[in-house]
Structures are given as C-alpha cells and as structure tokens.
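First comes the structure, then the notes that go with it.
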Amino acid sequence: MHLGRINMMKKLTGKMKSLDDHKKFDVAVAHSEFLRVDVLCRACIKRGMSAKAMIGLLNKAVNGLYKPKGVTETELLRAKVFSNIAGSRALQILHRSTGALSDRTVRRHTVTPPLWVLVAAPTVEEVQFNVSNTFGGGGRDMPTGAAVETSSLNVPGYQLMIDKIKVEGRPRWDDKTNMILGVAREDALKVGLEFSSMAEVDALLDAIKGGDVRLAVEATVAAIGLLSDNSKVYAARPVVVSGTCKTEDAMTHAKLIQTVIDGCKNVPGCLYSLASDGEARRGAAFVRLTHKAKLSPNSPIYAYIGLLHLLNQLVGDDDITSDKDYKHIFKCLRNALLREMGIMIYGFHMQPSVLEFQLCSAGVPPHQVSYLLNPEDKQDVILAYKLLRHIWRMPPAGANTRPGFASARKYICILGDFFRHLISPYIDPKMSLRDQLFHLSVATHLMCSLYMHPAGGNAFLPKVLHTDIQIMIKNTFFSVAKAKVNRPCGEFYIILLGTDRLEVTFGYIRSVVGSNANTDIYQLGGRIAALTNTAQILADHSEWDSGTRRLHLPPLDSEEDITSKSDHVNPASWQGNVNVQHVLPVTAWNKG
Numbered sequence: 155m156h157l158g159r160i161n162m163m164k165k166l167t168g169k170m171k172s173l174d175d176h177k178k179f180d181v182a183v184a185h186s187e188f189l190r191v192d193v194l195c196r197a198c199i200k201r202g203m204s205a206k207a208m209i210g211l212l213n214k215a216v217n218g219l220y221k222p223k224g225v226t227e228t229e230l231l232r233a234k235v236f237s238n239i240a241g242s243r244a245l246q247i248l249h250r251s252t253g254a255l256s257d258r259t260v261r262r263h264t265v266t267p268p269l270w271v272l273v274a275a276p277t278v279e280e281v282q283f284n285v286s287n288t289f290g291g292g293g294r295d296m297p298t299g300a301a302v303e304t305s306s307l308n309v310p311g312y313q314l315m316i317d318k319i320k321v322e323g324r325p326r327w328d329d330k331t332n333m334i335l336g337v338a339r340e341d342a343l344k345v346g347l348e349f350s351s352m353a354e355v356d357a358l359l360d361a362i363k364g365g366d367v368r369l370a371v372e373a374t375v376a377a378i379g380l381l382s383d384n385s386k387v388y389a390a391r392p393v394v395v396s397g398t399c400k401t402e403d404a405m406t407h408a409k410l411i412q413t414v415i416d417g418c419k420n421v422p423g424c425l426y427s428l429a430s431d432g433e434a435r436r437g438a439a440f441v442r443l444t445h446k447a448k449l450s451p452n453s454p455i456y457a458y459i460g461l462l463h464l465l466n467q468l469v470g471d472d473d474i475t476s477d478k479d480y481k482h483i484f485k486c487l488r489n490a491l492l493r494e495m496g497i498m499i500y501g502f503h504m505q506p507s508v509l510e511f512q513l514c515s516a517g518v519p520p521h522q523v524s525y526l527l528n529p530e531d532k533q534d535v536i537l538a539y540k541l542l543r544h545i546w547r548m549p550p551a552g553a554n555t556r557p558g559f560a561s562a563r564k565y566i567c568i569l570g571d572f573f574r575h576l577i578s579p580y581i582d583p584k585m586s587l588r589d590q591l592f593h594l595s596v597a598t599h600l601m602c603s604l605y606m607h608p609a610g611g612n613a614f615l616p617k618v619l620h621t622d623i624q625i626m627i628k629n630t631f632f633s634v635a636k637a638k639v640n641r642p643c644g645e646f647y648i649i650l651l652g653t654d655r656l657e658v659t660f661g662y663i664r665s666v667v668g669s670n671a672n673t674d675i676y677q678l679g680g681r682i683a684a685l686t687n688t689a690q691i692l693a694d695h696s697e698w699d700s701g702t703r704r705l706h707l708p709p710l711d712s713e714e715d716i717t718s719k720s721d722h723v724n725p726a727s728w729q730g731n732v733n734v735q736h737v738l739p740v741t742a743w744n745k746g
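FYI, in the working numbering the residues of the sequence shown are 155 to 746.
Next comes the structure, spelled out in structure tokens:
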C-alpha cells in the first residue's frame, strides 16, 4: 500500500510537471511573433516531442535557428498570390520577417503554364495550345475532348469573353517562341518576325521608321469563362493575347473571333455566347457571327425560346448569341442621364438640372447629389449604381405638391421602375432565377414602350445603348434555355455573364504594373499567365480580397440597402434558388 502511494505520487508529480510545461508552451506561443506555429506543432507531434522540447524548438524558431519544413496548401496558395501581385522581392521580405514561404519554395511547388502571345492573327493551333495550358495548370485540370462526351450533362457551358487593354508600343523578343513581339497583327506579315540574326531586328526597325509597320498600341484578349457555380473553375481563363494598332475592320475582326471559336472546340461544355463591352467594331463583328439565321425549330432550345413573342431569335452557328457586360450598361445608363440634352420619358424632358432638383427634394444631401451627378467620373460602377438606386427609390409626389413637380416625379418614377427591374436581378442575392427572368422581361418590355414612343428613340436612350440592353436580356433567356438542355438539374447564375471576370484579371494586371500605367505586349503575356492562376485562387478564397473598388457592385439586403459587409457578388454569396429545373423561360417572359 505504501509503495503504491509513492508510485502514484511520482506519476502525479510527473503529470503536473508535464501540464506546467504545456502551460509554459501556451504562454510562449501567445507571446511569440513566430507565425507558422501550426507547422511547428505538427513537426513536434510527428517526432513525439515533449512540451519542454517543444518550447526549446519554438525558441530556436523565433531566433531564426530552426525553420519547420512542412508546407500546407493554403500557405502555398497565399504565397503564390503574394508573389504574383507584389513580386518576388516583396515575398522574400515577408519570408524573412514572418517566416512565410520563400519565393524558391513557391517556384519549386508550383508551375505556371505558359501563354503564347500571338505575333499575327491567331491560328487554330495557337489557340488550342493556349487552351490546353490554361485548362491544365496548377492541379486544376478539366476534362477535354472525348472525356467530355461521357459526362456532357454534368459539364457547364462557357462564354467567350473578349476585351481590350492598353499596351506600350515596344518590340520585345519572346524566348519561348523565338519571335519578335510588339508589332500590330495588321502589319505582322509585312516583315520577318522570327529572330534568326540581327538582320531581322534591323529590318524591323527600318520598317517602323519608314511607317510601313506599326507597333501594337492595344491588346485584344480573349478568355473563357465557365458558367459554373464551382469557385475553383469560374475565374476567367485567357486563351488569346494579340496586339493591334486599332485599324482592323469588322469583317477581319469577325474572322479572328471565328478562329478563336474553332480553337476552343475541345473546351468542356458548349459555347453559349460571345461577350464584350460596347466597343463598336467588335459589336459589328458579333453581329456577323451571331445574327446569321433565325433559330431553327429543330434546335433543342426551340421548345423554350420559340414561344417568346417579340424576342429577337437570330442566332449564329450552334445557336451562339452575343452578350454585353451588365456593369458597362449600368455605367452607360448613368452617362445617358448626364447628357446635356437629357432624356425623354413619354414626352417629358428630364435634363440633369431637373434630376438634381428632384433628388434634393427627395432628401438626398446636396453634396451627395453633386457627387452622384459628377460628369467627369464615367467609369465608376458603384457611382452609377448609387445614382440609379436613388432614382428608383424616389417616392411619388405628395397630394399637395405643385402639378408641374408632381408630373415630373411621376415620369421619374416610371424611369426608376425601369432601372429597378433591369438592375435588381444582378444585385439582389435573394432573388430566384424565375424572379430574375421576370424582372428582365419587365425591363425589356418597358424599355420598348419608352423607346418606341413618338417622343422616344434616341431622345430616350442612345440607339447603341438600347440595342446593347436588348442583346444582354436576349442572351440571358437563351443561356437559361441552353442550360436547361445541357444541365437539366443544374444551377445557372446570370451574374457570371458578361466580361466582369476578365475585367477582374485586368485589374490585377494594373495592380502589378504599379506606377508604370501600361505594359508592353511581352510583359502582358507573362503577367496574364501568372495572374490567371491568381484570379482562380482568389475566386476560391474570396475572403482574401475585396475586389476592385471601381468594379465592386454591392448586393442588396431585404430593405434594399447597401450591405457594407458583403464583398463582390458571386455564386457563393447568392441565396436565391437558381436551379433551372423549376424555371420555364416562357412563363417569366409572358408574366413580365
């Protein structure tokens, strides 16, 4: 009995000492500036170390005498994003100051697939090479070719987004292809651009000085955007980067786009539409490609689209349609309101001064009205949204107001209803897909009524803007019909339509450039390849980044107020039911 008590006391003493060591370790961790404690703890547990030994190892790590070697996926992705955006030098500083992964470790564990910058107009083979790389890098592989055929009902469709970005006119040698970049594709065939000796460089410089060859001042970027709710795949995937001097006509540009379409045949799913902003030449090229013939009764989507009266049913090959970016349209609506001529609403002439007075009378502070009606800032999406929102929230005139004021308020409320029905499907995360289609149907019918009024037309909205809105709404209904055919039980998010995902990539590129506003074509190709993977990582970890402020479109809560705590609207934050199984486009169209 006595010996048993002695042994028990020894065991309890040892356990108490071990508990004290663990408490000391907790205190050491709490007061330590070493950030990778989790990796250190895993290494200690794997070795079966005591708490006292763990304290000693922690002290060594704090003093820089020990570095745990474990690498987690989250650490690796975070370091890769930091390296791509801030640069290897900044990552090295972070590594030495906090113990984060080094640039060498990031390069050893990740591979950035190359992206060919095209010297001349793209060929199908060049596009296919870039498609293969952009869908095969970073461990995020997607099935292509024959693999898609076995599971076609589970693969989402995709949209081809095309936009432009400014570049510096500067010739550069590309070591991956041994070609000289920077020449506009319009003049690329006038000189030899494969680098064999300095004779090619001298000949190119002479041609540039003589005006026979022009340098690229703008890059056309085409990217694939999968229409999927999976955050791991819905970031933009650029497949074409080609320089231009902006002299290409619509027919030539249409041939370029057709080549890109042909090169994307092996992309998972089917092509739904071609998306762009309001650029006129590209819009004319889209018309050539997507307005070839009326939708055939033999088309699988005819059962859903053929019954939609008054809807433009012209399509291209494989029922492809065109699309316009909804954020670009929101900006254009604000710009239309700020025209000197104003707009006509059923014969009522609303000039900016009238709108200013009505906003002030509705309780909007004068300084905020001046901010909302600032004609110098035409590219801020959130500014456009705030102005349009104030208009649709404007209450009707009171019973005792002057007749002229009451009449003006009545017509402004009609305009506000149009804005509300057009914009709310993209910003109200509680809205179902059925409700989204209903609101868009109301918007297009109301806009037709306003535009076709004898006092409407260009006096209501510019013809180009009116056409762009109709194209956007038409594409939404066509895309839902295609989703019902391809994925009868899948989900469809209309917020993924347009070029916003490509604009996000452009925002990252401009962030990397810093004080140098524009890159040359060679730098653009290298950065866009790295930042494509960055955009994909940030789409998967949206909590790491709040998005670009000027592209930020905040959602609405139930009281239709701006939700300050919400980030960029995306499929992960959408709460409404967007399953296509329970939606019939004709019902929403007729109800609207």
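Note that beta-carbon positions come from the ideal geometry of N, C-alpha and C, so glycine has one too.
Residue range 372 to 380 is occupied by the beta strand (DSSP E) that includes threonine 374, with no alpha helix (DSSP H) assigned at that position. Here the C-alpha atom of leucine 619 lies approximately 45 Å from the C-alpha atom of alanine 357. Bounds of the alpha helix (DSSP H) holding histidine 620 are 617 to 640. Here proline 550 carries a coil assignment [DSSP, helix/strand/coil]. Contact between the segment 730 to 746 and the segment 626 to 638 is established, with three or more Cβ pairs separated by less than 8 Å.
Contact annotation: the segment 376 to 396 touches the segment 648 to 664, with at least three C-beta pairs closer than 8 Å. Excluding the 5 residues flanking it on each side, alanine 490 has same chain C-beta neighbours closer than 8 Å at Ile497, Leu615, Pro616 and Leu619, in chain order. Between proline 519 and serine 727, the gap from beta carbon to beta carbon reaches 9 Å or more. Membership of proline 325 in any beta strand (DSSP E) is not indicated, and neither H nor E is assigned to it by DSSP.
As the crow flies, the alpha-carbon of threonine 401 is around 29 Å from that of methionine 352. The shortest CA-to-CA distance from leucine 449 to any of Arg435, Asp472, Ala434 and Asp431 is the one to Asp472.
The alpha carbon of lysine 330 has as its nearest neighbour, out of Gln677, Val639 and Asn238, the alpha carbon of Gln677. Excluding sequence positions up to five before and after threonine 598, its CB lies within less than 6 Å of the CB of Ile627, all in the same chain and listed in chain order. Note on glutamate 348: under 16 other CB atoms within 10 angstroms of its CB, so exposed under the neighbour-count rule. Residue state for leucine 347 is assigned as coil, using DSSP reduced to three classes. In the assembly as shown, asparagine 528 is an exposed residue. Its beta-carbon has fewer than 16 other beta-carbons within 10 Å. Residue pairing from DSSP places methionine 315 in a beta bridge opposite Ala377 and Ala429. With fewer than 16 other beta carbons inside 10 angstroms of its own, arginine 201 counts as exposed. Per DSSP, reduced to three states, the secondary structure at lysine 221 is coil, with no helix or strand assignment.
Per DSSP, reduced to three states, the secondary structure at histidine 503 is strand. Nearest C-alpha to glutamate 229 among Leu211, Lys214 and Thr259: Thr259. When secondary structure is reduced to three states using DSSP, asparagine 733 falls in the strand class. It is roughly 20 Å from the alpha-carbon of valine 281 to the alpha-carbon of leucine 381. When C-alpha distances from threonine 475 are compared across Arg436, Glu494, Val193 and Leu428, the shortest belongs to Leu428. Glycine 679 and valine 393 have their C-alpha atoms some 10 Å from each other. For glycine 437, the enclosing alpha helix (DSSP H) starts and ends at 434 to 444. Runs of alpha helix (DSSP H) with 4 or more residues, each lying fully within the segment 266 to 291, are found at 278 to 288, listed in chain order. Less than 9 Å divides the Cβ of threonine 688 from the Cβ of valine 235. The beta carbons of histidine 263 and valine 309 sit no closer together than 9 Å. Leaving aside the five residues that flank glycine 346 on each side, the residues in its chain whose CB is nearer than 6 Å to its CB run, in chain order, Glu354. A distance below 6 Å between beta-carbons, with the five flanking residues on each side excluded, links leucine 587 to the following residues of its chain, in chain order: Val732 and Val737. Sequence-distant partners of proline 276 (beyond 5 residues in either direction) whose C-beta falls short of 8 Å from its own C-beta, in its chain, are Val394, Ser396, Leu410, Thr413, Val414 and Gly417. A check of alpha carbon separations from serine 595 across Asp622, Cys514, Gly746 and Glu645 identifies Gly746 as the nearest. Annotated three-state conformation of valine 309 is coil, per DSSP. Note: arginine 655 is not bridge-paired with any residue in the DSSP secondary-structure output. Inter-segment contact for the segment 453 to 471 and the segment 505 to 517 is absent: fewer than three beta-carbon pairs are separated by less than 8 Å.
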